[in-house]
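Take a look at the structure set out below.
In my numbering, the protein residues as written are 1033 to 1273.
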């Protein structure tokens, strides 16, 4: 009788929670595709050629919204490669690569190339998205089994993910502040947009990076920290009983 009830309980968990998890994967995937369509097929590509803030909106849609949503859709599923290739999907190296890519494309010459040439634009924004997915999936991926060894590796990955996401939040904050507080335009090929002068356009773009980018990566790091604390709380409760 007891085993029968346990079997029914396991089936109930599977039906209600496993299917709900699969549904959420599709929700994350759908939202990521919608975000990418907004970024790549709407007015933003044309706007980013003329306005620095347009470029920054598209940048943030790729790395701070579409990339984490796409990574959440993959994390823990059959397309999650973090457990199979743990060295390739290491959060801290992924964060360092993203730092180099983001700062590199915001240097004046590469930025000018991306604004003037279609291939440069695709390479710039595409690399933003790919590096974003690499970092977010490295931080959130590899979930699944709760066996002791696997669980320990998952906690280590989460700890490295916290460092990687917070490092990215810091350099996004610094770059956003640099762009938003600069006393002169850093990109002479930008002539402003509508009523915005070149400096005001640059300041607006820096503010967008500072607010959206820093908050997204900081929120991701804090979420992982909260997940890491849960097992400790559970263990303390078990010890108390």
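Just so it is clear, CB atoms sit at the ideal spot from N, CA and C, and this is done for glycine as well.
Within the same chain, show all residues whose beta-carbon is closer than 8 angstroms to that of residue i, passing over the 5 residues directly before and after it, in chain order.
i            : result
residue 1060 : 1101, 1102, 1104, 1105
residue 1166 : 1121, 1126, 1129, 1130
residue 1135 : 1203, 1207
residue 1133 : 1159, 1160, 1163
residue 1109 : 1057
residue 1117 : none
residue 1142 : 1136, 1152, 1156
residue 1185 : 1118, 1174
Classify residue i as buried or exposed, calling it buried when 16 or more other Cβ atoms lie within 10 Å of its own Cβ.
i            : result
residue 1262 : exposed
residue 1220 : exposed
residue 1215 : exposed
residue 1067 : buried
residue 1048 : The pLDDT assigned to residue 1048 is 45, lower than 50, so where the model puts this residue is not dependable, and the model offers no usable value.
residue 1111 : exposed
residue 1075 : exposed
residue 1223 : exposed
residue 1320 : The displayed coordinates of the chain run from 1033 to 1273. Any statement about residue 1320 would go beyond what the structure contains.
residue 1258 : exposed
residue 1054 : exposed
Given residue i, which residues of its chain have a CB within under 6 angstroms of its CB, disregarding the five upstream and five downstream residues?
i            : result
residue 1145 : 1152
residue 1081 : 1147
residue 1160 : 1091, 1094, 1095
residue 1217 : 1230, 1231, 1234
residue 1172 : 1103, 1107
residue 1199 : 1127
residue 1194 : 1253, 1256, 1257
I'd like to check one pair, residue j with residue i: are the Cβ atoms closer than 8 angstroms?
i            : j            : result
residue 1249 : residue 1201 : yes
residue 1237 : residue 1088 : yes
residue 1115 : residue 1174 : yes
residue 1123 : residue 1226 : no
residue 1240 : residue 1085 : yes
residue 1252 : residue 1137 : no
residue 1098 : residue 1071 : yes
residue 1187 : residue 1260 : yes
Below 7 angstroms CB to CB, which residues in the same chain sit around residue i once its five sequence neighbours on both sides are set aside?
i            : result
residue 1063 : 1101
residue 1205 : 1242, 1246
residue 1083 : 1225, 1233
residue 1113 : 1121
Quick one: what's residue i bridged to in DSSP?
i            : result
residue 1225 : 1228
Complete alpha helix (DSSP H) runs within the stretch 1062–1103 (minimum length 4 residues, chain order): Every alpha helix (DSSP H) stretch that sits fully inside the stretch 1062–1103 and reaches 4 residues is listed by chain position as 1076–1082, 1084–1092.
In chain order, each alpha helix (DSSP H) run of at least 4 residues that lies wholly inside the stretch 1125–1196: As far as the stretch 1125–1196 is concerned, its whole alpha helix (DSSP H) runs of at least 4 residues are 1140–1148, 1150–1172.
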